[in-house]
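Residue numbers (our numbering): 1035 to 1495.
A short worksheet on the structure shown next.
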């Protein structure tokens, strides 16, 4: 569905410059390079290569596919994603598979969706179970976007949710039940230990609802009640009452809006010594004033002046303006009723982003520390070693890019409508309205056939 009037995010990739307390260097780069020894020259060239691959952010590369997908042009979106997957570096390959798998699901290509989503999920589980020293180095010291992508917990839960849907919609009941069991395990793993406050912000009601419905279909009402009891605390309006596994029902899900994206924003800060610690002051977007962040144990950094000004690339989370505010289910050309809000994934993504903000700042401060070291401790000498590290420090500053990766074909919100119905064939669609009640779009229509004592699941975008 195309949401008209949506604000488009345009990225401006600026050059990042580290300004030390000593001022800007005026040494010609070309002259310095000829003085660098063989080993240091190789390190310099390797860093230049890092700069080359880090020029475009993930958000900018996904922009066209994202617009095509949300405009309902699934074939064109898949064609563009095929190119991105083919050309992807290993660090982004599996995230692009997630994007393509989600678009395939929306397009009704369920087998393709299953292949991509399962392949990505397997790799993310491998990453979760192991810690790569090389990836830690890339992520912490060089560039946060150089390591392989590690999804947020709610994204991992959504992988299992979409796999369940793909199996069910292709008619593979047993496959869907297997995915339901795995989904319940994911929910226990990633949300089972959350406090009530965090659960309200970070849980995924859509996943609980899907699991409950499939328990109902399988005749396991006690297990279904367990999932609905969780929903009662975080999304009480959607919990059905009473439960009746033999009741003929039509259950329709729809997605609305775009999930937030991250954009690379250059931020200025100030680094100074405070005893055995370094203290950074960051001017973050949307903050009323500078935010202070301490880095203990690095007080041996030699700073001749009171402090050092610096810039770093910050991944700013941007909410996208949404036109659709209401959804109505249409059955055989007649409005059946208003669809209920089930899951606000936009708020979940933003809550996960804010929860990870301290770690993001830690990485930025640590990289800033290293860059300052090579420019203050080694850049003030006249020998080839000092010149090499001075140049290397400048390049490390310019190679810094914010990690703007996230699953960008997720929706802003998921809504649900559930109604009792008898057996027979029906034509189902969703009508989208703005806050004033004006119709701004329609989903595609699907023909569904239900038998007696069945629950028919429909997924419309």
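For each residue, glycine too, the CB sits at the ideal point set by N, CA and C.
Check	Outcome
Helix, strand or coil at residue 1354 [DSSP, three-state]	coil
Where the alpha helix (DSSP H) through residue 1372 begins and ends	From DSSP, residue 1372 is part of no alpha helix (DSSP H) but of the beta strand (DSSP E) over 1368 to 1372.
Beta-carbon proximity check, residue 1278 vs residue 1486, cutoff 9 Å	no
Counterpart residues of residue 1460 in DSSP-defined beta bridges	1482
Neighbour-count burial assignment, residue 1326, 16 or more Cβ in a 10 Å radius	exposed
Extent of the continuous alpha helix (DSSP H) to which residue 1137 belongs	1124 to 1141
From 1099, 1125, 1473, 1243, residue whose alpha carbon lies closest to that of residue 1360	1473
Cβ-based neighbour list, residue 1132, same chain, cut-off 6 Å, excluding 5 preceding and 5 following	1154, 1441
Rounded separation between residue 1231 and residue 1298 - CA only	30 Å
Sufficient close CB pairs (3 or more, under 8 Å) joining the region 1269 to 1277 to the region 1293 to 1312	no
Rounded Cβ spacing between residue 1448 and residue 1379 (contact assumed at less than 8 Å)	7 Å
Exposed unless 16 or more other CB atoms sit within 10 angstroms - verdict on residue 1289	buried
Residues that DSSP places opposite residue 1288 in a beta bridge	1449, 1494
Beta-ladder partner(s) of residue 1349, from DSSP	1298
Proximity below 9 Å, CB of residue 1435 to CB of residue 1347	yes
Residues near residue 1187 in its chain [Cβ-Cβ closer than 6 Å; skip 5 each side]	1224
C-beta atoms of residue 1377 and residue 1310 nearer than 9 Å	no
Nonlocal neighbours in the same chain, by C-beta distance under 7 Å from residue 1258, ignoring five residues either side	1246, 1249, 1250, 1277
Span separating the alpha-carbon of residue 1386 from that of residue 1236	7 Å
Selected residue, minimal CA-CA separation from residue 1093, among 1437, 1465, 1475	1437
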